[in-house]
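Chemist: Residue numbers -25 to -1, 1 to 323, in mature numbering (1 follows the signal peptide of the UniProt record, and there is no 0), belong to the letters of the sequence shown in order.
All residues carry an ideal CB built from backbone N, CA and C; glycine is no exception.
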Amino acid sequence: MPQRPALKLPALAAVLALGLTGCMAGEGSGEPAAQAAGEDTVVVDWATYNPLSVVVKEKGWLEAALAEDGTEVEWVQSAGSNKANEALRAGAVDVGSTAGSAALLARSNGSPIKVVDLYSQPEWSALVTTPGTGVDDVADLAGRTVAATKGTDPYFFLLQALEGAGVDPAEVTVQNLQHADGRAALENGQVDAWAGLDPIMAAAEQDGAQLFHRDVDLNTYGFLNAREDFLEEQPETAQTVVDVYAYARDWALAHPEETARLLADAAGIELPVAETVLGRTSLDIDHVPGEQQLAVLERVGPIFVASDDVADQASIDEALASIVEPSLAEDADASRVAGAIEAAEQQR
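See below:
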């Protein structure tokens, strides 16, 4: 992975003054349950930015794998990492999907979560504009207005892109809008550019928007996170969740067309848009969280301190040292759940 230029933190002060919202927001709706269920139920999120979660939910595979234990499954849609993190912190879900940056911010602020698996290495963020704005590259953003959801991977993408182009972030006006609203603001001419997020970004691209700056290395990984108390109290159920994700990963790689169809239906987007999203989402990765992901997060952490959303670098360092729990992913075995899943499929 190429080395990225370090962020000049004092220059970020102006654009960070409003503070970070804490997480990556995406599309969708749905409210978390009032509280996580007991030991006979596992509450898991699904999200359009996590294609494997869509597959697992729509196929009913987790229910099949846990049926013998008498454990029921409750699904909650996460509108984005911010909603997933809110639900995890409140104890409303046991397992939730976020971007790596959002997980680090949450853990740094005391949220008792661990990353137990990686669901993708996505290129879910880029800088987007429309014809006629006069924006052709990052340097053109000086003196312009950009829509971005603060505290999200797209927002961090914007800051790093500005730094790489030598543009002082203080010269850019950031409108803090949710992703769908950011797209609308761009298309209505209210902003000159938008820090986009798939699948909204792919839909905008199909409608004529232009991705004028892309860099997969400025996107953090897709983290599957679990609450610490859930891992302690229901370790076998937690392992089954990760085993089912391993099964879903193998299936999605072998069935890209059906995976795209499931994502399109779940996200309410056209099939070509879903295919575009999956085309820039790597599912065939080493899904065990570890040093590679921590190295990416080390470059993002100082932003949280500069914005006063994390008290100090020591909190970041402590989070980096404690956020990863690789044992479930290391132990993941799709064959442990294959029999139950295939039996359930035959009964349909």
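Can you give me the Cβ contacts of L269 inside the same chain, cut-off strictly under 6 Å, excluding the 5 residues immediately before and after it?
Modeler: L295
Chemist: Taking the continuous beta strand (DSSP E) assigned at N200, which residues delimit it?
Modeler: 197 to 202
Chemist: In this structure, does DSSP put E33 in helix, strand or coil?
Modeler: helix
Chemist: In whole angstroms, what is the alpha-carbon distance linking G118 and N60?
Modeler: 34 Å
Chemist: Distance, Cα to Cα, A42 vs E317?
Modeler: 13 Å
Chemist: Tell me, please, which residues DSSP counts as bridged to D20.
Modeler: V51
Chemist: Let me know the secondary structure DSSP gives A99 once reduced to three states.
Modeler: The question names Ala, yet the displayed sequence has Trp at residue 99. Coil.
Chemist: Please confirm if the stretch 106 to 114 is in contact with the stretch 158 to 171, defined as three or more CB-CB distances below 8 Å between the two stretches.
Modeler: yes
Chemist: So, helix, strand or coil for T251, using DSSP?
Modeler: Helix at T251.
Chemist: In or out: P231 buried (at least 16 other Cβ within 10 Å) or exposed?
Modeler: exposed
Chemist: When you compare only the Cα positions, how much space is there between P174 and N194?
Modeler: Cα to Cα, P174 sits roughly 15 Å from N194.
Chemist: Check whether the stretch 243 to 253 and the stretch 38 to 52 touch, using three or more Cβ-Cβ pairs below 8 Å as the test.
Modeler: no
Chemist: Give the DSSP-derived three-state secondary structure of K58 in the structure shown.
Modeler: helix
Chemist: Note the first and the last residue of the continuous beta strand (DSSP E) segment covering V70.
Modeler: Run containing V70: 70 to 74, per the beta strand (DSSP E) assignment.
Chemist: May I ask you to verify whether the stretch 61 to 69 touches the stretch 201 to 219, counting CB pairs closer than 8 Å and requiring at least 3?
Modeler: yes
Chemist: Got a sec, what are the start and stop residues for the alpha helix (DSSP H) G157 sits in?
Modeler: 154 to 162
Chemist: Could you spell out the range, first to last residue, of the alpha helix (DSSP H) harbouring Q322?
Modeler: 310 to 322 is the extent of the alpha helix (DSSP H) around Q322.
Chemist: Can you look up G1 in the DSSP assignment and give me helix, strand or coil?
Modeler: Confidence at G1 is low in this model, with a pLDDT of 35, below 50, so its placement is unreliable and the value that follows should be read with caution. In the structure shown, G1 sits in coil (DSSP, three-state: anything other than H, G, I, E or B).
Chemist: By how many angstroms is the C-alpha of P264 removed from the C-alpha of V30?
Modeler: The C-alpha of P264 is placed about 21 Å away from the C-alpha of V30.
Chemist: My output table needs one value for L269: the three-state DSSP class, helix, strand or coil.
Modeler: helix
Chemist: Go ahead and pull the three-state DSSP assignment for D225.
Modeler: helix
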